[in-house]
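This report concerns only the one structure given below.
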Amino acid sequence: MPLLLLLMAFLLPPGAGAGEIIGGQEARPHSHPYMAFLQIQSQEGLKTCGGFLVRNDFVLTAAHCWGSTITVILGAHNIRRQERTQQRTKMRRAIRHPGYNPQTNRNDIMLLKLARPMRRTSAVRPVALPRGRARVRPGARCTVAGWGLLGLNKRTNRLHQVQLTVQSDSRCSNRFGFYDSQTQICVGDPRKRKSAFLGDSGGPMVCNGVAQGIVSYGDRSGTPPAVFTKIRSFMPWVNRTMRRFKQPCET
Ligand SMILES: *[C@@H]1O[C@H](CO)[C@@H](O)[C@H](O)[C@H]1NC(C)=O
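Residues -18 to -1, 1 to 233 (mature numbering (1 follows the signal peptide of the UniProt record, and there is no 0)) make up the sequence shown, in order.
In structure tokens, the structure reads:
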């Protein structure tokens, strides 16, 4: 079963009580205007994921976030509040990658066609997707945001973010039997006792303003590195799938 990954940016200083959290930080409200909060109705019950707006009428997320009904909230900072910046809709259709394999977590990517297009505002706007051949190299520092847990018993309603470093593929292939360097990225420095982030599944890893990864899975304990879906390798599928639905008029 794919792990539901949670935002666990924490750092234990010497002598700190277990679970004390001092890493990661609350995001400045609406500084990640592409972030989507997903409420998912699935066979296992209600669950939540992150996602991100890539066109006015499309959200990208992980395939393991699939459900029969998904409510999508854009423009949120505190997801328990009714903020005026929020725009809510349902999915019209959830399109998992046809090669998604829940046993190996390969091809963990899904497009959500929204029931109505989102209105662009200062709190809601799509993020850029990779173009051309440029790749994310080990050592690159990228940002991941999410509404997941901050620690074992610490919940948050407000968007948090953490900066993570891309690792060499060998760090993940040594650790995860099904790691595939063609379609996945290894993220999070194992030498740093800080680290252990895991953003809500489905959330984006953004490097230089471009969404390059999707939070997919990691170690159950939250120890880095973790595995992200490599968006660049799926761009032909993303483009083809979105082209099947006409771009709605800009509102
Ligand atoms: C996907 O579409 C964008 C925008 O039309 C384009 O710039 C990009 O090159 C396309 N990528 C692939 C792999 O088809």
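Beta carbons are placed, not taken as given, at the ideal position from N, Cα and C, and that holds for glycine.
Residue burial classification, residue i (beta-carbon count within 10 angstroms, cutoff 16)
i: Gln194; result: buried
i: Gly114; result: exposed
i: Gln143; result: buried
i: Gln164; result: exposed
i: Asn87; result: buried
i: Gly27; result: exposed
i: Pro84; result: exposed
i: Pro80; result: exposed
Cβ-Cβ separation, residue j to residue i (assumed contact under 8 Å), whole Å
i: Ser198; j: Phe210; result: 6 Å
i: Leu141; j: Gly170; result: Not confirmed; about 19 Å, so no contact.
Alpha-carbon spacing of residue i relative to residue j, whole angstroms
i: Leu35; j: Arg157; result: 31 Å
i: Gln149; j: Ala58; result: 31 Å
i: Leu(-14); j: Ser183; result: Only weak support is given to the placement of Leu(-14): the predicted model assigns it a pLDDT of 36, under 50, and the value that follows is read from those uncertain coordinates. Spanning the two alpha carbons is a distance of roughly 5 Å.
i: Gln7; j: Gln25; result: 33 Å
i: Asp151; j: Trp219; result: 23 Å
i: Arg66; j: Met17; result: 16 Å
i: Arg102; j: Val188; result: 20 Å
i: Gly32; j: Ser104; result: 19 Å
i: Ala178; j: Cys154; result: Note that Ala178 scores 42 on pLDDT, short of 50, meaning its location in the model is unreliable; the coordinates nonetheless yield the value given after this. Each residue's Cα considered, the two are about 14 Å apart.
i: Val192; j: Ala110; result: 5 Å
i: Val106; j: Val118; result: 26 Å
i: Asp201; j: Phe160; result: 13 Å
i: Ala208; j: Phe227; result: 33 Å
i: Ala9; j: Ile61; result: 13 Å
i: Gly181; j: Arg173; result: Bear in mind that a pLDDT of 48 at Gly181, under 50, signals an unreliable position, so the number given afterwards is only what the model happens to contain. When rounded, the distance between both Cα atoms is 19 Å.
6 Å CB neighbourhood of residue i in its chain, flanking five on each side removed
i: Lys29; result: Ile22
i: residue 241; result: Look at the range of the chain in this structure, -18 to 233, and you will see that residue 241 is not part of it.
i: Pro11; result: His59
i: His14; result: Ala127
i: Asn139; result: Asn60, Ile61, Arg62
Close Cβ partners of residue i (< 7 Å) along its chain, the five nearest in sequence each way excluded
i: Arg78; result: Ala45, Trp48, Met92
i: Val41; result: Ala18, Gly33, Phe34, Leu35, Val54, Leu94, Leu96
Spatial neighbours of residue i in its chain, beta-carbon cut-off 8 Å, leaving aside the 5 residues before and after
i: Arg75; result: Leu94, Lys95
Should the region 94 to 105 be regarded as contacting the region 69 to 81, the criterion being three or more beta carbon pairs within less than 8 Å?
-> Judged by Cβ distances under 8 Å, the region 94 to 105 makes contact with the region 69 to 81, as three or more pairs qualify.
Would you call the region 44 to 59 and the region 115 to 128 in contact, with 3 or more CB pairs under 8 Å?
-> In the pairwise beta carbon analysis, the region 44 to 59 is classified as not touching the region 115 to 128: fewer than three pairs are separated by under 8 Å.
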